[in-house]
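Input: a single structure, listed below in structure tokens.
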Amino acid sequence: MADLATEATEATAPVVDPTNWTCPAPLRDQPVVVMGHGGGGALSAELIEQVFAPAYGNPTLAALTDSAVLGLGGARLAFSTDSYVVRPLFFPGGSLGDLAVNGTVNDLAMSGARPAYLSTAFILEEGVELAVVERVAWAVGAAAEAAGVIVATGDTKVVESGHGDGVYVTTAGVGLVPDGVDIRPQRARPGDAVIVSGPIGLHGVAIMSVREGLEFGVEITSDTAPLADLVAEMLAVTKDVHVLRDPTRGGLGASLNEIARASGTGVRLSERAVPVPDEVANACGFLGLDPLYVANEGRLVAFVPPEHADAVLAAMRAHPQGAGAARIGECVAEHPGMVVVSTGLGGTRVVDLPLGEQLPRIC
Amino acid sequence: MKYIDEFNDPDLARRLLDEIRATVTRPWALMEVCGGQTHSIIRHGIDQLLPDEVELIHGPGCPVCVTPLDVIDKALEIAARPDVIFCSFGDMLRVPGTDRDLFRVKGEGGDVRVVYSPLDALELARRHPDRQVVFFAIGFETTAPANAMAVHQARRLALDNFSLLVSHVRVPPAIEAIMTAPSCRVQGFLAAGHVCSVMGTAEYPELAERHRVPLVVTGFEPLDILEGIRRAVHQLERGEHRLENAYPRAVREQGNPAALRMIEEVFEVADRNWRGIGPIPASGWRLTDAFRAYDAEHRFDVTGIRTEEPAVCRAGEILQGLIKPTQCEAFGKACTPRTPLGATMVSNEGACAAYYLYRRMTDTPAQQGSRIPREEMNPVG
Amino acid sequence: MCLAVPGKVVSIDQRADPLTGLIDFGGVQKQACLEYLPDIRVGEYVIVHVGFALQRLDEESARASLELFEQLGLLEEEFGDAWEQAARQESGSEAR
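Protein chains in written order, with full-length UniProt numbering: chain R, 1 to 363; chain F, 1 to 381; chain A, 1 to 96.
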């Protein structure tokens with residue numbers, strides 16, 4: 001080895017020409033769909049902006065909410081849909097069936113709605129064992145019962161072997177928004193307390209721990225859970241909750257960026273106040289990920305006027321889904337559209353909208 | 001002792017910062033060579049806590065960013081072949097070649113897989129004897145023992161369907177290149193701790209002496225970085241220039257002898273092109289003749305791919321601390337984090353991106369926030 | 001470059017080729033190649049990069065570093081209040 005070292009240092013002294021440096025930039029205008037388009041970050045937003053919005057954009061769609069709130073026959077109806085593609089289908093703490101119900105229930109709840117009815121559409125791949133489909137179906141049934149919603153209609157299609165990934169499920173849901181409730185990202189105001197309902201990153205880390213090629217041992221499970229009950233408890237304290245969001249793909253970081261940009265406010269977090277379980281922090285440590293960008297399936301982040309913050313937080317902590325709730329920061333007038341974290345050492349860093357999916361890094 | 005929390009202690013960080021403030025009397029420019037240290041500095045906001053006199057220049061120590069364009073183009077060519085499973089570390093997938101990246105090759109049907117370790121790629125080769133499994137062996141000295149072990153095992157197990165696309169780079173020649181560059185501003189180096197965990201520190205005293213520059217082997221937790229800075233500043237204030245090891249818990253002078261033996265068996269020193277820097281003599285490794293059969297460049301006959309890099313941005317000057325990002329004509333105009341022209345604008349720890357974000361944070365008047373770009377529409381669902 | 005993290009050796013599979021062990025990263029467990037640290041023992045800490053243990057972490061050195069940091073503060077305090085001094089330094093640099 002010493003020989004290698006000597007050889008290197010004795011080589012001709014290289015000359016760096018500072019005018020000749022160039023460096024790589026990621027390609028943004030992909031002509032084909034890449035995985036990052038489904039990552040809940042900037043690429044997802046661009047897909048909507050460049051493809052869907054021009055084709056059928058309208059004020060309702062542009063409202064930036066997890067579920068649309070529609071005036072219908074004198075009532076305010078919350079309406080949402082979501083497709084679920086997860087590998088593996090069954091993971092520590094849940095399954096595709098749980099996600100398909102809880103995800104849509106939670107999107108409805110983020111408008112303050114009481115979810116009532118769901119639809120389910122299954123896309124099955126030829127050759128998948130019926131027992132697998134049955135397990136997913138029973139998980140849907142159990143999750144619907146737990147969330148207090150009724151599966152009112154459904155559909156099934158089969159695609160040829162190799163054209164699907166076992167089972168895909170799409171659900172849509174409706175619910176009623178109580179009078180006096182107006183929850184949407186545009187309502188974030190400087191001074192609002194930012195509250196998260198529990199420890200973050202559990203779902204993403206649980207999924208990664210069983211993903212092929214990445215397997216690691218960790219005793220945590222997905223946080224997948226319905227949040228409508230928790231939201232009802234919060235609204236019982238005050239109907240003046242400004243914003244609710246369930247930080248799924250893209251994690252808390254993406255959700256807070258969306259809220260900051262939609263409302264034209266800034267968000268300031270205290271890193272030490274954000275509840276990150278040790279296992280999540282350590283898994284993220286060796287994979288090189290930021291827990292703020294890791295997916296959750298049973299958490300919400302709330303913007304609440306400061307005068308109600310303590311009471312709302314207490315109500316959340318009294319509920320099983322909010323037992324680990326914490327006030328993590330506040331909405332500010334400074335740096336609009338940006339999320340800034342005060343680090344444990346007293347410095348600050350900016351948490352930007354992630355580009356696409358999070359991948360393990362070596363650098 | 002868990003070796004993480006202890007080295008994140010805010011009280012001790014304050015003591016180190018106090019000591020740096022008490023020591024420094026005039027401006028000094030230090031370079032942290034390693035991208036991992038840059039990441040830690042930005043993540044913990046360390047750069048904002050330092051006294052104004054201490055300037056940190058983020059060095060070219062990111063193996064992903066310095067992998068040259070023609071090697072990326074070779075990777076894309078190989079990965080697109082129907083008989084190939086192309087394995088890579090995750091952060092390599094988004095680095096663009098001439099006209100596409102590995103994400104796109106994957107989107108177009110290429111079998112591109114993210115692995116955590118090169119041994120995972122080897123395992124794929126074992127399980128798929130009918131496919132060619134290629135591992136994109138990039139990295140600095142830290143990653144070399146892992147990549148060397150993978151190809152060594154492949155030969156031992158006669159896994160002839162496994163090969164490496166090698167783009168290995170070495171730190172000391174890069175330091176040499178930076179120090180001999182015209183108008184170099186770097187006055188002290190935080191040397192990369194984990195590189196030295198493998199290589200030891202034997203190469204560094206001579207570098208420190210010849211260039212009269214302090215070299216402090218530095219770790220990655222906040223206290224480690226502050227201690228590296230403290231020692232470098234201390235040396236500079238006293239007019240000293242020598243090697244110091246501020247990361248003794250993980251770095252021994254002799255490195256890791258078993259790992260060094262493996263590297264020596266598998267790799268030999270070669271000239272390398274650094275993306276954004278250009279060619280640096282003896283700055284990399286390639287497979288030795290004994291392992292040439294496992295070299296993907298030869299196996300897939302892509303040695304002929306030679307791509308010239310277009311000059312697009314002034315990242316090189318910024319990386320050397322010759323200019324501030326704000327002095328680049330494209331900064332904040334053609335070049336933003338959403339439309340980056342260079343690596344320094346790509347990731348949040350890149351010098352340009354950090355400048356851009358902090359300038360927005362501190363300079364933007366509140367009323368501008370009401371202009372919400374259309375693109376921020378909610379991702380459906 | 002080089003994301004590498006400390007972990008504790010939980011078990012070693014002597015029959016594995018290359019030598020492999022289970023490493024605990026604070027509640028997260030992952031196999032790593034121990035071939036480059038053939039003398040490593042269960043209970044010791046190693047630094048792991050892309051699935052390879054690259055170096056043994058030396059507890060004595062770690063403690064010595066932390067003690068040094070503690071002493072820096074104490075030395076400072078002999079000359080008066082460390083915070084006051086820091087504040088003076090800060091205002092001094094702002095005045096420039």
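Each residue gets a CB set at the ideal place from its N, CA and C atoms; glycine is no exception. Just so you know, these numbers come straight off a predicted model, no measurement behind them.
- Per the Cβ contact rule, the stretch 45 to 62 of chain F is in contact with the stretch 14 to 22 of chain F (3 or more Cβ pairs under 8 angstroms).
- A Cβ-Cβ contact shorter than 9 angstroms links T98/F with L69/F.
- Secondary structure remark: continuous alpha helix (DSSP H) runs of at least 4 residues inside the stretch 221 to 278 of chain R, in chain order: 228 to 237, 251 to 263.
- In the structure shown, L159/F adopts coil according to DSSP, grouped into three states.
- Among the residues of chain A, none has a CB under 7 angstroms from the CB of I225/F; the nearest is roughly 12 angstroms distant.
- When C-beta distances to chain R are compared with 9 angstroms, the residues of the stretch 29 to 53 of chain A below that value are Q29, K30, Q31, V48, H49, V50, in chain order.
- Considering only beta carbons, the part of the stretch 232 to 262 of chain R lying closer than 9 angstroms to chain F consists of T248, R249, G250, A254, N257, E258, A260, R261, A262, in chain order.
- Setting aside the 5 residues that flank it on each side, V339/R is surrounded in the same chain by L256, N257, A260, V267, V351, each with a C-beta closer than 6 angstroms to its C-beta; the list follows chain order.
- At a beta-carbon threshold of 8 angstroms, the residues of chain A lying near A258/F are E35, Y36, L37, P38, ordered along the chain.
- For S11/A, same chain residues with a beta-carbon under 7 angstroms away, outside a window of 5 residues either side, are G21, L22, V42 in chain order.
- With 16 or more neighbouring CB atoms inside 10 Å of its own CB, R230/F falls in the buried class.
- Secondary structure at I42/F: helix, using DSSP grouped into helix, strand and coil.
- Of all residues in the stretch 3 to 33 of chain A, only L3, V5, F25, G26, G27, V28, Q29, K30 come within less than 7 angstroms of chain R when Cβ atoms are compared, listed by chain position.
- Spanning the alpha carbons of S65/A and D11/F requires a straight line of approximately 15 angstroms.
- The beta carbon of G175/R sits no closer than 9 angstroms to any beta carbon of chain F.
- Against chain F, a Cβ distance below 8 angstroms from E70/A picks out L12, R15.
- V301/R is positioned such that its CB atom lies no closer than 9 angstroms to that of G201/R.
- Counting along the chain, C34/F sits inside the beta strand (DSSP E) bounded by residues 28 to 34.
- Identification of chain F residues near E59/A by a Cβ-Cβ cut-off of 8 angstroms yields M1, R249, ordered along the chain.
- Three or more beta-carbon pairs separated by less than 8 angstroms are not found between the stretch 226 to 246 of chain R and the stretch 45 to 52 of chain A, which leaves the two stretches without contact.
- With a threshold of 9 angstroms between beta carbons, D290/R makes contact with chain F.
- Beta-bridge partners assigned by DSSP to D155/R: A121/R.
- Shortest Cα-Cα distance from A262/R to any of S270/R, T224/R, A146/R, P336/R involves P336/R.
- Shown here, H49/A sits in a strand according to DSSP, grouped into three states.
- Bridge pairing for T348/R: S342/R [DSSP].
- Contacts between N8/F and chain R, judged by CB atoms closer than 9 angstroms, involve G344, L345 in chain order.
- Between the beta-carbon of L269/R and that of V151/R there is about 38 angstroms, and that puts the pair past the 8 angstroms contact cut.
- Between the alpha carbons of T218/F and A192/F lies a distance of about 6 angstroms.
- Measuring C-alpha to C-alpha distances from F216/R to each of R189/R, D223/R, V205/R identifies V205/R as the nearest.
- For the pair R15/A and E35/A, the Cα-to-Cα distance works out to about 12 angstroms.
- Between D182/R and V85/R, the C-beta gap is not smaller than 9 angstroms, which leaves the two residues out of contact.
- Straight across, the Cα-Cα distance linking V171/F with S283/F is about 7 angstroms.
- For chain R, the residues of the stretch 19 to 47 of chain F that bring a beta carbon within less than 7 angstroms of one of its beta carbons are G35, G36, I42, R43, H44, G45, I46, in chain order.
- In the DSSP annotation of this structure, the continuous segment of the alpha helix (DSSP H) that includes S197/F starts and ends at 193 to 199.
- The alpha-carbon separation between V169/F and L70/R amounts to approximately 58 angstroms.
- Closest option to D98/R, judged by alpha-carbon separation, among T224/R, V34/R, P320/R: T224/R.
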